[in-house]
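Colleague: So the sequence lines, in the order shown, correspond to chains B and Y. Just so we're aligned, residue 1 is where the first sequence starts under full-length UniProt numbering, counting upward by one. Just so we're aligned, residue 1 is where the second sequence starts under full-length UniProt numbering, counting upward by one. Structure provided below as structure tokens; questions to follow.
There are 2 protein chains.
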Amino acid sequence: MSQDTLQKLKEQLLAHINNQKELSPAQVAEGLKELKKSDKSAYNELLPKLNKEDLAEVAIEMPDHMLKDVIMHIPQEKIVDAIETLESDDATDLIQNIEDIDEDKAKELFDSLEVESKKEISALIDYKENEAGAYMQVELFKAELSESLQTAIERFRQLKKSGELVSVFALFITDSAGVLRYAVPIDDMILFEPSDSLAKIMSEHGSEYEAHFARDDDDITEVAQIVKDYDLSSIAVVDKAGVLLGRITNYDIHDFLEESATEQIYNLAGVNDEAEEEESVVKAGRARAVWLVLNLITAIISSVVISLFDESINKIVALAILMPIVASMGGNTGTQALTVTVRRLATREITFSNAKSVIGREFAIAFVNGVIFAVLVGLVAHVWFGMAGLGFVIAAAMLINLAGAGFFGAIIPMSLKRFGVDPAVASPVLLTTMTDVVGFLSFLGLATWILL
Amino acid sequence: MSQDTLQKLKEQLLAHINNQKELSPAQVAEGLKELKKSDKSAYNELLPKLNKEDLAEVAIEMPDHMLKDVIMHIPQEKIVDAIETLESDDATDLIQNIEDIDEDKAKELFDSLEVESKKEISALIDYKENEAGAYMQVELFKAELSESLQTAIERFRQLKKSGELVSVFALFITDSAGVLRYAVPIDDMILFEPSDSLAKIMSEHGSEYEAHFARDDDDITEVAQIVKDYDLSSIAVVDKAGVLLGRITNYDIHDFLEESATEQIYNLAGVNDEAEEEESVVKAGRARAVWLVLNLITAIISSVVISLFDESINKIVALAILMPIVASMGGNTGTQALTVTVRRLATREITFSNAKSVIGREFAIAFVNGVIFAVLVGLVAHVWFGMAGLGFVIAAAMLINLAGAGFFGAIIPMSLKRFGVDPAVASPVLLTTMTDVVGFLSFLGLATWILL
Chain B
1 MSQDTLQKLK
11 EQLLAHINNQ
21 KELSPAQVAE
31 GLKELKKSDK
41 SAYNELLPKL
51 NKEDLAEVAI
61 EMPDHMLKDV
71 IMHIPQEKIV
81 DAIETLESDD
91 ATDLIQNIED
101 IDEDKAKELF
111 DSLEVESKKE
121 ISALIDYKEN
131 EAGAYMQVEL
141 FKAELSESLQ
151 TAIERFRQLK
161 KSGELVSVFA
171 LFITDSAGVL
181 RYAVPIDDMI
191 LFEPSDSLAK
201 IMSEHGSEYE
211 AHFARDDDDI
221 TEVAQIVKDY
231 DLSSIAVVDK
241 AGVLLGRITN
251 YDIHDFLEES
261 ATEQIYNLAG
271 VNDEAEEEES
281 VVKAGRARAV
291 WLVLNLITAI
301 ISSVVISLFD
311 ESINKIVALA
321 ILMPIVASMG
331 GNTGTQALTV
341 TVRRLATREI
351 TFSNAKSVIG
361 REFAIAFVNG
371 VIFAVLVGLV
381 AHVWFGMAGL
391 GFVIAAAMLI
401 NLAGAGFFGA
411 IIPMSLKRFG
421 VDPAVASPVL
431 LTTMTDVVGF
441 LSFLGLATWI
451 LL
Chain Y
1 MSQDTLQKLK
11 EQLLAHINNQ
21 KELSPAQVAE
31 GLKELKKSDK
41 SAYNELLPKL
51 NKEDLAEVAI
61 EMPDHMLKDV
71 IMHIPQEKIV
81 DAIETLESDD
91 ATDLIQNIED
101 IDEDKAKELF
111 DSLEVESKKE
121 ISALIDYKEN
131 EAGAYMQVEL
141 FKAELSESLQ
151 TAIERFRQLK
161 KSGELVSVFA
171 LFITDSAGVL
181 RYAVPIDDMI
191 LFEPSDSLAK
201 IMSEHGSEYE
211 AHFARDDDDI
221 TEVAQIVKDY
231 DLSSIAVVDK
241 AGVLLGRITN
251 YDIHDFLEES
261 ATEQIYNLAG
271 VNDEAEEEES
281 VVKAGRARAV
291 WLVLNLITAI
301 ISSVVISLFD
311 ESINKIVALA
321 ILMPIVASMG
331 GNTGTQALTV
341 TVRRLATREI
351 TFSNAKSVIG
361 REFAIAFVNG
371 VIFAVLVGLV
381 AHVWFGMAGL
391 GFVIAAAMLI
401 NLAGAGFFGA
411 IIPMSLKRFG
421 VDPAVASPVL
431 LTTMTDVVGF
441 LSFLGLATWI
451 LL
């Protein structure tokens with residue numbers, strides 16, 4: 001970073017800390033991260049100057065190495081105060097992030113929180129990573145059917161004034177047992193007579209306000225689909241008995257979707273999204289090396305296949321020259337089918353009901369392209385080496401490899417998904433092994449059989 | 001699709017049409033698409049039964065071939081009525097989608113719309129695809145500073161009752177010239193005294209409500225970043241003079257982000273996201289074939305490089321056996337660096353200020369892994385073929401190719417971005433060409449120079 005940029009960055013962060021300029025928590029975290037690299041003493045000076053609200057919001061965005069700095073250099077009471085400013089879901093996330101770094105410290109901080117916060121976090125912390133409950137916050141605006149709209153609005157006003165509720169999108173209406181019945185968008189409350197009871201209002205308008213909801217143990221990807229399909233701003237979360245537990249906002253859902261997309265893109269390329277967040281080149285490099293080991297095994301298997309035909313290559317050196325074409329074209333065709341299938345599985349466009357037609361479509365596309373490129377490459381080989389037989393052999397190998405690549409590119413991720421394995425992680429290496437082996441085997445095998 | 005699934009699908013769609021069960025527009029579109037494939041007569045029967053609101057919302061989600069069915073088989077007046085039910089941005093999108101299929105028909109439909117709608121659509125239709133204006137809707141809730149809160153709320157109530165406004169998240173406050181001044185979240189309106197003028201309320205609380213906004217010609221990716229960073233539900237769009245023109249909701253932003261992610265994933269694999277939406281295997285296949293042609297050229301260049309060393313291969317057949325390992329490991333290492341760089345460019349984690357450190361990091365990771373795999377593969381080659389020299393040659397080639405792959409994997413997408421080319425589209429083929437050529441050239445070249 002140039003001195004100018006560094007100076008500008010410091011000024012921006014300072015202006016933010018002095019409330020002269022608003023930066024988003026992500027921007028502050030990113031800025032501090034840059035500063036840590038380029039000017040450690042300025043970093044050590046600015047970090048403790050964040051106020052408690054800021055510290056909390058920024059800490060959520062921090063990579064582990066910076067969160068570690070917070071734990072070590074910021075007084076414990078300030079961290080506790082900061083956590084108290086967060087909504088329950090964010091507070092839980094932050095405690096969990098701290099737990100990953102220093103379990104004892106996380107316990108100390110938790111024990112120093114207010115009773116109410118401890119109760120909320122304890123309820124949320126046990127949910128598994130993929131469960132709706134893990135994305136839920138318990139702060140929400142709710143009322144019972146027996147209340148009047150006016151009473152509910154008055155309570156809402158108090159909760160807003162005290163700062164206990166932010167970003168409210170809906171009034172969730174329950175029966176006296178706490179079971180969720182309706183969800184009324186906040187801007188629709190203006191349509192009704194305030195003195196009426198909610199029961200009366202809902203007896204007339206209830207059919208428009210039936211609540212979308214998620215069970216706390218629902219898979220978050222299912223919940224995200226509902227939020228997206230119906231353009232919801234927030235969705236209620238209920239327990240097995242239908243009792244309202246909390247809400248998930250669309251902000252959380254969209255963060256989840258964005259992270260999922262990054263995870264898919266990275267995984268398809270053999271990169272681990274969490275390891276990449278680390279500052280350490282060693283950690284990120286190690287995670288990538290694991291993938292390269294798998295790829296090396298694949299490459300060695302291919303070499304073994306090639307070595308079976310060393311005598312053929314000795315007799316016709318054109319085989320060595322042309323063989324990468326067959327493997328490479330198969331790999332690319334397969335990757336196309338694979339990527340489309342992985343993404344469509346993730347966005348739920350592929351379901352069990354249309355699985356067969358997806359496979360059929362991918363096979364058909366790959367087969368047609370296989371025919372086209374078989375002819376093309378066959379002609380190239382024939383003209384280049386003046387051997388019609390070689391042209392025929394490479395054309396046949398191309399068709400076999402490309403058609404197979406399309407078929408397996410679709411079926412590998414779908415099978416993995418069926419067995420509960422993340423298709424983005426495991427599919428590419430399986431596919432490459434297949435297209436390489438089939439590519440070399442069919443080309444060199446056919447050549448040996450037909451030409452020699 | 002099995003008869004059972006088909007029957008269930010038909011029942012669901014019918015229940016939706018009869019208002020017995022709510023499906024989302026995307027679900028209805030998907031269901032109809034499946035039906036078209038499996039039971040054309042049921043499709044032809046159900047499509048015209050959608051009511052106008054449904055028809056409009058579902059039509060936006062339709063692929064071209066289904067939208068064509070709508071244009072051909074639904075009476076023009078019904079389509080016009082349907083378009084009138086949409087918000088201005090969606091109406092504009094739908095007219096544009098129809099334009100892509102049948103320009104005359106789009107013109108006819110447009111001419112039949114109400115004057116007000118025509119005006120709105122004309123204002124929106126000229127924005128370029130990547131401009132904020134193209135994502136904006138003109139329907140919003142605004143008030144002038146001189147008004148009292150009560151007057152504004154009363155107008156809001158009327159607009160809500162008449163159904164002209166849905167999903168309102170904020171009151172946008174302008175001066176008398178229409179210039180945007182503040183944005184107050186709808187749930188905060190409850191905190192103020194209704195009889196006060198907005199000017200008075202804002203003189204006290206204005207600093208909390210300074211409006212985030214986008215210029216109509218801002219790039220939508222910049223706008224998406226603001227909406228995400230500040231967790232906005234909607235963002236105001238203004239013209240050059242600051243006059244309020246419309247708003248973009250976070251629903252639109254999140255659709256955009258999701259589509260961008262799909263586009264990146266697809267483009268990295270040589271797949272065109274728009275062509276994949278087509279039902280036609282031929283169209284999707286043709287778009288993929290274009291990519292495969294580029295890849296074929298790359299593969300042929302590699303073959304030409306190999307052919308330069310045909311005598312060396314004739315003397316040491318182990319070269320042919322091992323050479324795919326060098327190219328494949330380089331390709332994978334490069335793809336890791338490339339993917340991380342492309343994604344971080346898209347999510348704005350990479351800026352000009354940290355470009356150098358990103359390249360340095362990618363090179364460092366690739367270099368370290370290059371050393372590790374050079375040693376590993378060198379030993380494998382040495383043991384396998386009993387030639388220490390061969391082990392040394394492949395180790396050197398691996399290090400050169402992997403380190404280069406990391407460097408170019410980072411620098412290729414960043415340079416393309418700088419020159420205004422989409423990095424996800426053009427990077428992979430450039431990178432593969434590089435890793436293949438460098439891989440074969442360094443391995444076979446060093447082998448010829450050292451071993452022969």
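Glycine included, every Cβ here is placed at the ideal spot set by N, Cα and C. Quick caveat, the model's predicted, so the values are computed rather than measured.
Using a Cβ-Cβ cutoff of 9 angstroms, what residues of the region 243-257 of chain B are near chain Y? List them in chain order.
Modeller: Taking a C-beta cut-off of 9 angstroms against chain Y, the contacting residues of the region 243-257 of chain B are T249, N250, Y251, I253, H254, D255 and L257, listed in chain order.
Colleague: Run the CB neighbour count on A299 of chain Y, radius 10 Å, all protein chains shown included, and call it buried at 16 or more, exposed below.
Modeller: buried
Colleague: With DSSP as the reference, label Y251 of chain B as helix, strand or coil.
Modeller: helix
Colleague: Going by the beta-carbon positions, is the gap between N97 of chain B and L67 of chain B smaller than 7 angstroms?
Modeller: A contact, by the Cβ cut-off of 7 angstroms.
Colleague: Of all the residues that make up the region 147-164 of chain B, which are near chain Y by a beta-carbon distance shorter than 8 angstroms?
Modeller: I153, F156, R157, K160 and K161
Colleague: Is the beta carbon of L444 of chain B sitting closer than 7 angstroms to the one on F309 of chain B?
Modeller: yes
Colleague: Just curious, the alpha helix (DSSP H) that P428 of chain Y is in, first and last residue?
Modeller: P423 to L451
Colleague: Counting only C-beta atoms, is A284 of chain Y closer than 7 angstroms to chain B at any point?
Modeller: yes
Colleague: Going along the chain, which residues of the region 35-64 of chain B sit with their C-beta nearer than 8 angstroms to a C-beta in chain Y?
Modeller: If the cut-off is 8 angstroms between Cβ atoms, the region 35-64 of chain B has K37 near chain Y.
Colleague: At 7 angstroms on the CB atoms, spell out the chain Y contacts of G329 of chain B, in chain order.
Modeller: Correcting the residue identity first, residue 329 of chain B is Met in this sequence and not Gly. Those are L292, N295, L296 and A299, listed as they occur along chain Y.
Colleague: Cα-Cα, which of Y:S38, Y:S303 and Y:G331 is closest to F385 of chain B?
Modeller: Y:S303
Colleague: Quick check on the DSSP output: the alpha helix (DSSP H) that includes I79 of chain B runs from which residue to which?
Modeller: Q76 to E84
Colleague: At a Cβ threshold of 7 angstroms, is P324 of chain Y touching chain B?
Modeller: So, interface residue.
Colleague: Are the C-beta atoms of G270 of chain Y and some chain B residue less than 7 angstroms apart?
Modeller: It does: the Cβ of G270 of chain Y has a partner Cβ on chain B nearer than 7 angstroms.
Colleague: Taking 7 angstroms as the CB-CB limit, is Q336 of chain Y close to chain B?
Modeller: So yes, Q336 of chain Y belongs to the interface.
Colleague: 7 angstroms is my cut-off, CB to CB: does I190 of chain B come that close to chain Y?
Modeller: yes
Colleague: Are the C-beta of R181 of chain Y and some C-beta of chain B separated by less than 7 angstroms?
Modeller: No, R181 of chain Y lies away from the interface with chain B (no Cβ there is under 7 angstroms from its Cβ).
Colleague: With DSSP as the reference, please indicate the residues paired to K240 of chain B in a beta bridge.
Modeller: Note: K240 of chain B sits in no beta bridge, so no partner.
Colleague: Is R418 of chain Y close to chain B? Criterion is C-beta to C-beta, closer than 7 angstroms.
Modeller: no
Colleague: Taking the alpha-carbon positions, what's the R348 of chain B to A152 of chain B distance?
Modeller: Going by the C-alpha atoms only, they are around 38 angstroms apart.
Colleague: Is there contact here, the region 208-219 of chain Y with the region 280-290 of chain Y, by at least three beta-carbon pairs under 8 angstroms?
Modeller: Between the region 208-219 of chain Y and the region 280-290 of chain Y, the count of C-beta pairs closer than 8 angstroms stays below three; the two stretches do not touch.
Colleague: What are the partner residues of R215 of chain Y, as DSSP defines its beta bridges?
Modeller: Y:V238
Colleague: Quick check: what's the CA-CA separation for L109 of chain B versus Q264 of chain Y?
Modeller: 41 angstroms
Colleague: Can you have a look at H16 of chain B and say buried or exposed, based on whether 16 or more other CB atoms are within 10 angstroms of its CB?
Modeller: buried
Colleague: So, does the CB of I321 of chain B fall closer than 7 angstroms to a CB anywhere in chain Y?
Modeller: yes
Colleague: Looking at chain Y, is there any beta carbon in it that lies within less than 7 angstroms of the beta carbon of R288 of chain B?
Modeller: yes
Colleague: Anything in the region 222-242 of chain B with a Cβ closer than 7 angstroms to a Cβ of chain Y? List those residues in chain order, please.
Modeller: D229, Y230, D231 and S233
Colleague: Just how far apart, CA to CA, sit M202 of chain Y and L140 of chain B?
Modeller: Each residue's Cα considered, the two are about 27 angstroms apart.
Colleague: How would you write the range of the alpha helix (DSSP H) that F367 of chain Y sits in, first residue to last?
Modeller: A355 to F385
Colleague: Within 7 angstroms of any Cβ in chain A, is that where the Cβ of R343 of chain B sits?
Modeller: No chain A is part of this structure, whose protein chains are labelled B and Y.
Colleague: Under 9 angstroms, CB to CB, which of the residues in the region 67-87 of chain Y have a partner in chain B?
Modeller: none
Colleague: So, are the CB atoms of H339 of chain B and A269 of chain Y less than 7 angstroms apart?
Modeller: First, the residue type needs correcting, since residue 339 of chain B is Thr and not His in the sequence shown. The answer is yes: Cβ separation under 7 angstroms.
Colleague: Near E164 of chain Y, what residues of its chain come up, given a Cβ to Cβ distance below 7 angstroms and the 5 sequence neighbours on each side ignored?
Modeller: E139
Colleague: Could you pull out every residue in the same chain whose Cβ sits closer than 7 angstroms to the Cβ of L9 of chain Y, ignoring the five residues on either side in sequence?
Modeller: G31, E34 and L35
Colleague: If I measure Cβ to Cβ from A275 of chain Y and keep anything under 6 angstroms in the same chain, skipping five residues before and after, which residues do I get?
Modeller: K283, A284 and A287
Colleague: Per DSSP, which one or two residues make a beta bridge with T174 of chain Y?
Modeller: Y:E144 and Y:L180
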